[in-house]
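There are 2 protein chains.
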Amino acid sequence: MNDELMTIREMCEAFEVTPRTLRFYESKELLSPIREGQKRLFTRRDRARLKLILRGKRFGFSLEEIRQLLDLYHVGDQQLTQYTRTIELARKRLAEMERQHEELTSAISELKAQLVEGERELARMRKSASVSSAA
Amino acid sequence: MNDELMTIREMCEAFEVTPRTLRFYESKELLSPIREGQKRLFTRRDRARLKLILRGKRFGFSLEEIRQLLDLYHVGDQQLTQYTRTIELARKRLAEMERQHEELTSAISELKAQLVEGERELARMRKSASVSSAA
DNA sequence: CGTTACATTTACGTAAACGTCAAGCTCTGT
DNA sequence: ACAGAGCTTGACGTTTACGTAAATGTAACG
Numbered sequence: 000m001n002d003e004l005m006t007i008r009e010m011c012e013a014f015e016v017t018p019r020t021l022r023f024y025e026s027k028e029l030l031s032p033i034r035e036g037q038k039r040l041f042t043r044r045d046r047a048r049l050k051l052i053l054r055g056k057r058f059g060f061s062l063e064e065i066r067q068l069l070d071l072y073h074v075g076d077q078q079l080t081q082y083t084r085t086i087e088l089a090r091k092r093l094a095e096m097e098r099q100h101e102e103l104t105s106a107i108s109e110l111k112a113q114l115v116e117g118e119r120e121l122a123r124m125r126k127s128a129s130v131s132s133a134a
Numbered sequence: 000m001n002d003e004l005m006t007i008r009e010m011c012e013a014f015e016v017t018p019r020t021l022r023f024y025e026s027k028e029l030l031s032p033i034r035e036g037q038k039r040l041f042t043r044r045d046r047a048r049l050k051l052i053l054r055g056k057r058f059g060f061s062l063e064e065i066r067q068l069l070d071l072y073h074v075g076d077q078q079l080t081q082y083t084r085t086i087e088l089a090r091k092r093l094a095e096m097e098r099q100h101e102e103l104t105s106a107i108s109e110l111k112a113q114l115v116e117g118e119r120e121l122a123r124m125r126k127s128a129s130v131s132s133a134a
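Shown next as structure tokens:
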């Protein structure tokens, strides 16, 4: 209800995930909702993180990788060396993403080529079918 | 040795897979090498199929999807409708891949932006560190 | 006060695609 | 004949990201 705090149910609807997922992410320290009694209340920070988590997942990052990358987004009182390591990690991920990107690019053009050939074959099949039905 | 028949070891080297993988694919009915005694001998047909399997995997098809596609391909020489369906499936997959590609593209630029900011932050941290050590 | 409706924790289950033993054939070389 | 290499078939292990069920708690409704 509140703009500031959301229940688990509200979160689920807003982000199209299950409660199990949110609890699971909490157990993995990706989220850290506050507790009112034993119920969870998700903050704006949790929502921001969840958004990033889901985006990370869409292109194949593991939750563990995402957890490490999330540190990049909340850099208040980090130690310098720690922060440097985080940035290095992000660079590695970026390199991997770019590799994936290239692979995907070539896979797409390969598949496109296959499709063109497949359609040509299909045309041949139709043609011979119509010939034999005309005979 | 023979161009016609290959042992499991030769197959592994030729395609850069492990024996376990080939046996696994056989158990999933993706391959069906002939047996000489208890050893496997892979035919030209197996090689063609394996090539398709590996390509399918690069496109992101699951083994189960690949199995179905191979089956359709097998019968599909005669059946026009099934071949059409195969092509439809490939088109869907292509669309999905293109969506992934776009997401990856934007994710990359986002991460790059984050890195730029992260490095700026890092510079600030170093600066304040040197100031405080100078004080 | 009882029922209904969610919430919670704990813990085992699942699917994909193999990896990794274990234990036993079989062929080769010496 | 014996060692070693390589092949075989189970069968259990691994990882990731949750699903699902059981037992229990809590809060509001009527």
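If you read the sequences in order, they're chains A and L. Take the first sequence: its position 22, counted from the start at 1, is 21 in numbering that gives the first Met the number 0, and no numbers get skipped. Take the second sequence: its position 66, counted from the start at 1, is 65 in numbering that gives the first Met the number 0, and no numbers get skipped. All C-beta atoms, glycine included, are put in the ideal place defined by N, C-alpha and C.
DSSP three-state assignment for residue i, whether helix, strand or coil
{"i": "A/Leu40", "result": "strand"}
{"i": "A/Thr17", "result": "coil"}
{"i": "L/Glu87", "result": "helix"}
{"i": "A/Glu3", "result": "coil"}
{"i": "A/Lys27", "result": "coil"}
{"i": "L/Gly117", "result": "helix"}
{"i": "L/Gly55", "result": "helix"}
Start and end residues, beta strand (DSSP E) containing residue i
{"i": "L/Glu9", "result": "L/Glu9 -> not in any beta strand (DSSP E); alpha helix (DSSP H) instead, spanning 7–14."}
{"i": "A/Glu35", "result": "33–35"}
Alpha-carbon spacing of residue i relative to residue j, whole angstroms
{"i": "L/Glu87", "j": "A/Glu118", "result": "10 Å"}
{"i": "A/Leu51", "j": "A/Phe41", "result": "15 Å"}
{"i": "A/Arg98", "j": "A/Lys126", "result": "42 Å"}
{"i": "L/Glu120", "j": "A/Glu25", "result": "28 Å"}
{"i": "L/Gly55", "j": "A/Glu35", "result": "50 Å"}
{"i": "A/Leu110", "j": "L/Glu15", "result": "22 Å"}
{"i": "A/Ala128", "j": "A/Cys11", "result": "53 Å"}
{"i": "L/Glu63", "j": "L/Ser31", "result": "16 Å"}
{"i": "A/Asn1", "j": "A/Phe23", "result": "Bear in mind that the predicted position of A/Asn1 carries a pLDDT of just 46, short of 50, making it unreliable; the figure below should be weighed with that in mind. Computed Cα separation, rounded: 24 Å."}
{"i": "L/Pro18", "j": "L/Glu9", "result": "10 Å"}
{"i": "A/Leu68", "j": "A/Lys91", "result": "11 Å"}
{"i": "A/Glu101", "j": "A/Val130", "result": "44 Å"}
{"i": "A/Met96", "j": "L/Glu95", "result": "17 Å"}
{"i": "A/Phe60", "j": "A/Leu53", "result": "10 Å"}
{"i": "L/Ala13", "j": "A/Leu4", "result": "58 Å"}
{"i": "L/Glu28", "j": "A/Lys27", "result": "38 Å"}
{"i": "A/Leu21", "j": "A/Ile33", "result": "13 Å"}
{"i": "L/Leu93", "j": "A/Ser108", "result": "9 Å"}
{"i": "A/Asp45", "j": "L/Glu116", "result": "21 Å"}
Range of the contiguous alpha helix (DSSP H) that encloses residue i
{"i": "A/Gln78", "result": "Neither: A/Gln78 is in no alpha helix (DSSP H) and is coded neither H nor E."}
{"i": "A/Glu63", "result": "62–69"}
Residue j beta carbon less than 7 Å from that of residue i
{"i": "L/Leu103", "j": "A/Ala89", "result": "no"}
{"i": "L/Phe58", "j": "A/Ala122", "result": "no"}
{"i": "A/Ile7", "j": "A/Arg39", "result": "yes"}
{"i": "L/Met124", "j": "A/Leu49", "result": "no"}
{"i": "A/Thr85", "j": "A/Asp70", "result": "yes"}
Counted within 10 angstroms of its Cβ, other Cβ atoms place residue i as buried (16 or more) or exposed
{"i": "A/Gln37", "result": "exposed"}
{"i": "A/Arg43", "result": "exposed"}
{"i": "A/Gln81", "result": "exposed"}
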